[in-house]
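Notes to accompany the following structure.
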Amino acid sequence: MKSSVLHISVTSGDDPTVNLDFTARLTDRLPNLMPTALRRRLDHRAVDLSSLASEARARDYAPGDILRFVEGAQVVHVWLE
Numbered sequence: 004m005k006s007s008v009l010h011i012s013v014t015s016g017d018d019p020t021v022n023l024d025f026t027a028r029l030t031d032r033l034p035n036l037m038p039t040a041l042r043r044r045l046d047h048r049a050v051d052l053s054s055l056a057s058e059a060r061a062r063d064y065a066p067g068d069i070l071r072f073v074e075g076a077q078v079v080h081v082w083l084e
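Anchor point for the sequence shown: position 9 equals 12 in my numbering, and the numbering is continuous, going up by one each time.
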């Protein structure tokens, strides 16, 4: 595993509303780590968190973006570091 930290950040404008850090080993559980309301919104927009986690695993959890989703003033950013 190349990365050690999985970051999940949600900002609204300049204000952070969610800022979570997990061990990178939990990337495969990404759908379960997302706050429920946010997961529902992403599902509604056809964002497949399980597929994104699988893609990260296929890249051996290399550092970099997993998801960057913008909806109005809200930005969801998930990345490995």
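Quick reminder that beta carbons are idealized off the backbone N, C-alpha and C, glycines included.
Just so you know, these numbers come straight off a predicted model, no measurement behind them.
Check                                                                                                                                                  : Outcome
Between P19 and the rest of its own chain, which residues show a CB-CB distance below 8 Å, the 5 nearest in sequence each way excluded?                : S12 and V13
State the CB to CB distance for the pair L45 and L33, rounded to an integer number of angstroms; the pair is presumed to be in contact (CB under 8 Å). : Wrong, their Cβ atoms sit about 10 Å apart, outside the cutoff.
Rounded to whole angstroms, what is the Cα-Cα separation between R28 and S7?                                                                           : 8 Å
Does DSSP put R62 in a helix, a strand or coil?                                                                                                        : coil
CA-CA distance, A65 and F25?                                                                                                                           : 15 Å
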